[in-house]
Amino acid sequence: MLRRIAPALLTVLVVALGVTALAARPTQDSPRRSADFVVLAGVAGLRWEDVDPQSTPTLWRMAQEGSIGSLSVRSAHQPTCPVDGWLTLGAGSFAGWNGSRLPGGCPAAGVAVEQPDGIGANLPDQESVVQYNQQRLPWNATPGSLSESVRCSVAVGPGAAVAAARPFGRVDRYASALPADPRTLLGSCVLSIVDLGTVEGTDPATRAEEAREADAQLARVLAARPPRSLVLVAGISDTAQPSRLHVAVADGPGWERGWLTSASTGRDGYLQLVDLAPTALAALGRPMPERLFLGRPAVSTGGRPAELADAINAPADADREAAAQRDVSGVFFTLLAGVQVLLAIGILPLLRRARPHAGPSGPTPVSGRVVAVVELLLVAAALTVPAALLADAVPWWQGDHPGWIFAGVTAFLLAAGTAAVRFTPGYAGTLGPVGAVAGLTTLVVGLDVLTGARLQLNGVVGYSALQGGRYSGLSTVGLGVFLAGALLAGGWLAQRVHRGWRPAVMVAVGGLAVVVVGSPFLGADPVGAIALTAGVSVAAVISAGGWLTISRLAWATMAALAVGIGFAVVDLRRPSAERGSLGRFLSALGDGTGGFAVHRSSTENFETLVNSPLTVLALTGGLLVWFALLQPWGGLMRLFGIYPAVRAALAGTVVAAVLGGVLDGAALDVMGAAAAMVVPMAALASLRVLGHAADRTRPVPARSFADGADDDSGSGGVGPTGGGDGPTGGGGPLGAVHPRPISGPPASAPPPVTQTPDAPTADTPAPDAPAEPSPGVDAPAEPSDTPAEPSDAPAEPSDAPAEPSNAPAEPSNAPAEPSNAPAEPSNAPVEPTDAPAEPTSGGAAVPPRQVTRSSTEVAAS
Numbered sequence: 003m004l005r006r007i008a009p010a011l012l013t014v015l016v017v018a019l020g021v022t023a024l025a026a027r028p029t030q031d032s033p034r035r036s037a038d039f040v041v042l043a044g045v046a047g048l049r050w051e052d053v054d055p056q057s058t059p060t061l062w063r064m065a066q067e068g069s070i071g072s073l074s075v076r077s078a079h080q081p082t083c084p085v086d087g088w089l090t091l092g093a094g095s096f097a098g099w100n101g102s103r104l105p106g107g108c109p110a111a112g113v114a115v116e117q118p119d120g121i122g123a124n125l126p127d128q129e130s131v132v133q134y135n136q137q138r139l140p141w142n143a144t145p146g147s148l149s150e151s152v153r154c155s156v157a158v159g160p161g162a163a164v165a166a167a168r169p170f171g172r173v174d175r176y177a178s179a180l181p182a183d184p185r186t187l188l189g190s191c192v193l194s195i196v197d198l199g200t201v202e203g204t205d206p207a208t209r210a211e212e213a214r215e216a217d218a219q220l221a222r223v224l225a226a227r228p229p230r231s232l233v234l235v236a237g238i239s240d241t242a243q244p245s246r247l248h249v250a251v252a253d254g255p256g257w258e259r260g261w262l263t264s265a266s267t268g269r270d271g272y273l274q275l276v277d278l279a280p281t282a283l284a285a286l287g288r289p290m291p292e293r294l295f296l297g298r299p300a301v302s303t304g305g306r307p308a309e310l311a312d313a314i315n316a317p318a319d320a321d322r323e324a325a326a327q328r329d330v331s332g333v334f335f336t337l338l339a340g341v342q343v344l345l346a347i348g349i350l351p352l353l354r355r356a357r358p359h360a361g362p363s364g365p366t367p368v369s370g371r372v373v374a375v376v377e378l379l380l381v382a383a384a385l386t387v388p389a390a391l392l393a394d395a396v397p398w399w400q401g402d403h404p405g406w407i408f409a410g411v412t413a414f415l416l417a418a419g420t421a422a423v424r425f426t427p428g429y430a431g432t433l434g435p436v437g438a439v440a441g442l443t444t445l446v447v448g449l450d451v452l453t454g455a456r457l458q459l460n461g462v463v464g465y466s467a468l469q470g471g472r473y474s475g476l477s478t479v480g481l482g483v484f485l486a487g488a489l490l491a492g493g494w495l496a497q498r499v500h501r502g503w504r505p506a507v508m509v510a511v512g513g514l515a516v517v518v519v520g521s522p523f524l525g526a527d528p529v530g531a532i533a534l535t536a537g538v539s540v541a542a543v544i545s546a547g548g549w550l551t552i553s554r555l556a557w558a559t560m561a562a563l564a565v566g567i568g569f570a571v572v573d574l575r576r577p578s579a580e581r582g583s584l585g586r587f588l589s590a591l592g593d594g595t596g597g598f599a600v601h602r603s604s605t606e607n608f609e610t611l612v613n614s615p616l617t618v619l620a621l622t623g624g625l626l627v628w629f630a631l632l633q634p635w636g637g638l639m640r641l642f643g644i645y646p647a648v649r650a651a652l653a654g655t656v657v658a659a660v661l662g663g664v665l666d667g668a669a670l671d672v673m674g675a676a677a678a679m680v681v682p683m684a685a686l687a688s689l690r691v692l693g694h695a696a697d698r699t700r701p702v703p704a705r706s707f708a709d710g711a712d713d714d715s716g717s718g719g720v721g722p723t724g725g726g727d728g729p730t731g732g733g734g735p736l737g738a739v740h741p742r743p744i745s746g747p748p749a750s751a752p753p754p755v756t757q758t759p760d761a762p763t764a765d766t767p768a769p770d771a772p773a774e775p776s777p778g779v780d781a782p783a784e785p786s787d788t789p790a791e792p793s794d795a796p797a798e799p800s801d802a803p804a805e806p807s808n809a810p811a812e813p814s815n816a817p818a819e820p821s822n823a824p825a826e827p828s829n830a831p832v833e834p835t836d837a838p839a840e841p842t843s844g845g846a847a848v849p850p851r852q853v854t855r856s857s858t859e860v861a862a863s
């Protein structure tokens with residue numbers, strides 16, 4: 003009964019863990035009205051390295067009293083040109099100007115601003131820009147949404163006119179520059195947008211002069227600001243490739259000495275350009291068009307250093323790290339893909355020659371030292387991504403040659419991790435390296451997530467704040483290696499327990515991983531949690547053995563759907579400003595705009611599939627597994643037969659990685675990151691299993707199948723006989739001393755001896771002694787003094803030489819008497835003996851018959 007309801011109970015447990023992890027959300031203060039007026043002042047290209055007490059004293063004092071943060075200026079175009087930044091500010095969503103531009107450049111022509119009445123202005127190109135954003139771009143942005151949400155707005159400068167123009171092109175109040183006394187103009191409407199100029203170029207002196215001019219204009223704005231007003235200063239855009247992080251400062255009631263953050267970033271000190279529009283409306287207490295805004299209102303949090311210089315150094319350092327990450331990340335993943343391809347090619351001849359051959363001829367075995375070196379290289383390849391993640395704990399980006407420093411730190415950590423795995427107890431076992439690598443990977447990524455995912459942000463194998471996609475939680479690469487490590491670790495642990503407990507172990511380990519991935523406090527990846535739930539369910543239902551049947555697949559599918567539906571119901575019940583990505587997507591489906599989200603996801607999947615080096619990793623791993631490891635000579639099928647829990651873990655990894663990548667718009671990136679760890683470990687384990695393919699596995703009398711125990715789950719290891727970690731219980735890499743092969747005489751058997759009539763030896767007894775025939779030879783049996791009874795117990799082997807006999811023995815149904823009465827034949831199985839080979843009538847030695855079973859036979863039984 004319990005066995006029948008076990009799948010349902012496991013499904014309920016996984017669903018409960020997943021929904022609980024996804025439903026809990028950090029408490030957030032609801033934005034409240036804090037100002038009667040809002041002034042948005044933008045400076046294109048302004049970065050934190052341009053701010054200092056000498057060049058920008060006004061901005062320095064404002065940052066001292068207000069809240070600060072790093073601003074990501076992502077828009078619908080790359081790079082975000084000034085006109086794109088102003089347009090995105092006014093749309094509250096990723097928008098772009100439709101003017102012609104060179105690849106990687108900005109439109110050459112300026113924005114046409116007409117002033118027919120001297121009060122407001124008109125942008126004749128605005129309507130075509132709106133159509134371009136709604137019909138050609140995937141974000142469904144509506145330029146002018148911010149000004150449409152207030153009764154009146156003011157624009158100062160051409161850039162501000164782009165942000166303040168309504169969808170049909172009208173600007174309510176407009177001035178090409180600040181008047182002598184801007185007090186009246188800034189107080190005429192609740193929302194004012196001011197263009198303070200541009201800071202561009204790479205020459206420090208030029209940038210300092212332009213920042214000084216913008217700071218002088220800011221001083222006039224602050225002097226004329228209306229009472230009870232909020233002033234937001236932002237580096238509104240980039241001015242050239244590559245993208246950088248920019249300045250964001252808020253000064254007003256309730257914004258004193260803190261960090262700027264928003265629900266769209268989830269990390270203190272980081273803000274997006276699309277957050278500025280909802281921040282202005284929230285400060286004014288105005289309702290915001292949720293369907294049109296992608297951003298979320300900003301808030302001020304504590305924890306900022308008391309000294310402004312120390313506080314400003316944090317976002318400036320983050321900008322340098324993000325810029326260095328962009329340069330190093332592409333090279334790192336390209337090299338990783340190349341190394342893994344070379345390893346995949348180099349391991350093919352080892353797989354072909356790994357299995358010992360019992361015949362007189364066969365491939366020459368590979369040297370044990372060569373195999374040991376290859377195994378260490380496979381371990382190092384599997385640990386490369388965790389080592390690169392851990393390398394971001396060292397500020398390598400602050401040096402003069404950040405790429406080389408990162409390479410050195412990563413190499414050192416990789417060597418240390420490989421040595422730790424090599425000297426871990428149990429490394430000699432077949433699954434020893436798999437368990438050690440999986441556990442170490444899960445530990446590194448899990449600890450980083452538990453401590454705030456600081457190594458993920460702007461990390462080489464993490465996510466970049468410049469891309470504006472993610473600012474907290476697990477990255478795409480982190481999700482891939484974490485789910486692979488957690489499932490492999492669960493499979494390794496499950497293999498070491500009784501078969502009946504394996505599904506429970508997989509659910510326990512996988513359930514904790516689902517909580518880490520999906521919790522908004524930790525991984526903050528609900529899509530990844532749903533995908534991991536499906537993978538854990540698949541791994542659990544086949545961890546005890548058997549195939550992935552339709553019913554088992556149905557339970558796994560039901561678990562993933564239940565987690566997704568449960569979280570969706572909880573998320574939709576929240577206020578619209580607090581919903582997660584899944585709730586917002588379902589809301590978009592309800593109001594008819596969900597097609598844009600689907601289009602964006604499909605576009606992102608295609609672009610990632612074509613451009614990402616991780617696609618090469620995923621394809622290379624798949625080709626190696628399909629055309630080599632899964633072949634009869636590849637060893638992986640043998641590994642699956644002996645270790646069903648490991649097979650279950652690998653199957654669950656594939657399911658979770660593919661679902662997580664496709665649903666999250668990452669194509670094969672999650673699969674590629676998982677393959678970077680899983681495929682080397684699968685190849686290493688296959689090599690070791692092939693090295694034991696000719697091992698003998700003797701039956702253990704004390705163990706039976708009646709109590710439900712498996713031969714591959716004995717105490718002291720996970721080998722078929724319970725004696726170790728390998729198929730024979732001994733484990734060990736190739737090149738180690740193995741038991742005797744499948745065919746041929748025992749290792750201790752002496753060479754054949756020819757019988758001579760005049761030279762009796764210990765192996766040739768006297769002629770008048772009775773002789774016992776060797777097994778398998780038709781000769782009379784020796785009489786027995788006791789009745790011979792059929793027995794299922796194996797006979798005890800004898801080390802003494804058999805006594806030859808010349809007297810024939812006749813079968814009889816009566817018990818044998820002490821005289822020369824014949825013995826009754828026995829049905830007991832013949833056990834192998836260590837006795838030397840017996841001579842036949844022809845004088846040739848015949849080896850004893852070996853009635854034993856191989857490792858595969860034991861596991862299959």
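Following this note's numbering, the numbering of the sequence shown begins with 3 at its first residue and continues without gaps. Using N, Cα and C, we set each Cβ at its ideal position, and we do this for glycine too. On a predicted model such as this, the values are computed, not experimentally measured, just so you know.
- Taken through DSSP and simplified to helix, strand or coil, Arg185 comes out as helix.
- Where Phe39 is concerned, the enclosing beta strand (DSSP E) starts and stops at 39-46.
- Between the alpha carbons of Asp527 and Gly537 lies a distance of about 15 angstroms.
- Between the segment 35-50 and the segment 225-242 there are three or more C-beta pairs closer than 8 angstroms, enough to call the two in contact.
- Taking a cut-off of 8 angstroms on C-beta distances, the segment 176-187 does not touch the segment 129-142, as fewer than three cross pairs fall below it.
- Non-local C-beta neighbours of Gln117 in its own chain, meaning closer than 7 angstroms and more than five positions away in sequence, comprise Ala123, Tyr176, ordered along the chain.
- Taking the Cα of Asp450 as reference, the smallest distance to any Cα among Gln633, Ser688, Leu481 is reached at Leu481.
- In the DSSP assignment, Thr622 falls outside any beta strand (DSSP E) and lies within the alpha helix (DSSP H) extending over 615-626.
- Note on geometry: alpha-carbon atoms of Ile532 and Val276 lie some 28 angstroms from one another.
- Counting along the chain, Thr443 sits inside no beta strand (DSSP E); it lies in the alpha helix (DSSP H) bounded by residues 434-452.
- Between the segment 460-472 and the segment 640-657 there are fewer than three inter-stretch CB-CB distances shorter than 8 angstroms, so the stretches are not counted as touching.
- The DSSP-derived three-state label of Gln633 is coil.
- The C-beta distance from Ile121 to Val156 rounds to 11 angstroms, too long to fall under 8 angstroms, and the pair is not in contact.
- For Leu416, the closest C-alpha among the options Gly492, Pro388, Thr263 is that of Pro388.
- Excluding sequence positions up to five before and after Val343, its CB lies within less than 6 angstroms of the CB of Thr622, all in the same chain and listed in chain order.
- Between Val223 and Ala236, the C-beta spacing is not below 9 angstroms.
- For Asp197, the enclosing beta strand (DSSP E) covers residues 193-200.
- By the criterion of at least three beta-carbon pairs nearer than 8 angstroms, the segment 427-439 is not in contact with the segment 465-485.
- Per DSSP, the continuous beta strand (DSSP E) segment holding Val301 begins and ends at 300-303.
- Under DSSP, Tyr465 shares a beta bridge with Leu459.
- Counting along the chain, Gln274 sits inside the beta strand (DSSP E) bounded by residues 272-274.
- In the pairwise beta carbon analysis, the segment 330-339 is classified as not touching the segment 77-91: fewer than three pairs are separated by under 8 angstroms.
- DSSP places Ser231 in the uninterrupted beta strand (DSSP E) bounded by 231-236.
- With contacts defined by Cβ atoms closer than 9 angstroms, Val164 and Pro145 form a contacting pair.
- The beta-carbon separation of Arg554 and Ala647, rounded to 15 angstroms, does not stay under the 8 angstroms limit for a contact.
- Taking a C-beta distance under 9 angstroms as the contact criterion, Ser69 and Arg259 qualify as a contact pair.
- Counting every other CB atom within 10 Å of its CB across the protein chains shown gives Gly47 a total of 16 or more, marking it as buried.
- The alpha carbon of Asp394 has as its nearest neighbour, out of Gln219, Ala413, Gly470, Glu377, the alpha carbon of Ala413.
- Judged by DSSP secondary structure, Val680 falls within the alpha helix (DSSP H) whose first and last residues are 671-693.
- C-alpha of Met673 to C-alpha of Leu611: approximately 11 angstroms in a straight line.
- Distance from the CA atom of Thr443 to the CA atom of Trp50, rounded to whole angstroms, is 36 angstroms.
- In the assembly as shown, Ala114 is an exposed residue. Its beta-carbon has fewer than 16 other beta-carbons within 10 Å.
- Around the Cβ of Leu452, a 10 Å sphere holds fewer than 16 other Cβ atoms; the residue is exposed.
- In this model, Gly566 and Val517 are separated by some 14 angstroms (Cα to Cα).
- Taking all protein chains in view, the Cβ of Asp174 is crowded by 16 or more other Cβ atoms within 10 Å, so the residue is classified as buried.
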